[in-house]
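Working notes, beginning with the structure itself.
Residue numbers (this note's numbering): 219 to 357.
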């Protein structure tokens, strides 16, 4: 899991004192949804959003997951907001590949049967998956 940024911001009244600076990630404030996220977090909501940013250099998008979580003191006042942003590009690519493979297996006319590896003695391994073509052919 590649962590793109971890920013802990201390909110006091109308001032925001940064333990780590948003200047490390200038695009964060420019994200169309960030201000709404920030405002909701100041109202006490925990938020999470996945989004893609297109690279101007490469022809692929980088996927991120942004999480904002408020922290309250004993009086219930929000005293800090933690902002985590993870690069989830690999996870998204793997998810996309799995969806493609699932579509292929479900739609192929060839029979596909998946079983556990053991036991090899009777009654035999448990069937884990059978695609529609297998069920249609074997009944």
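Even glycine gets a Cβ: it sits at the ideal position worked out from N, Cα and C.
- [ ] Taking all protein chains shown into account, decide if residue 318 is buried (16 or more other Cβ within 10 angstroms of its Cβ) or exposed.
- [x] exposed
TODO: Take every Cβ of the segment 276 to 285, pair it with every Cβ of the segment 298 to 315, and state whether three or more of those distances are shorter than 8 Å.
DONE: yes
Task: Cβ-Cβ separation, residue 299 to residue 259 (assumed contact under 8 Å), whole Å - done: 5 Å
Open item on the list: For a test of the three-state rule: what should DSSP assign to residue 274, helix, strand or coil?
Closed with: coil
Task: Continuous alpha helix (DSSP H) stretch holding residue 320: start and end - done: 307 to 325
Open item on the list: Suppose you measure from the CA of residue 239 to the CA of residue 304; what does that come to, to the nearest Å?
Closed with: Legend: pLDDT at residue 239 = 41, less than 50; position of this residue unreliable, no value from coordinates given.
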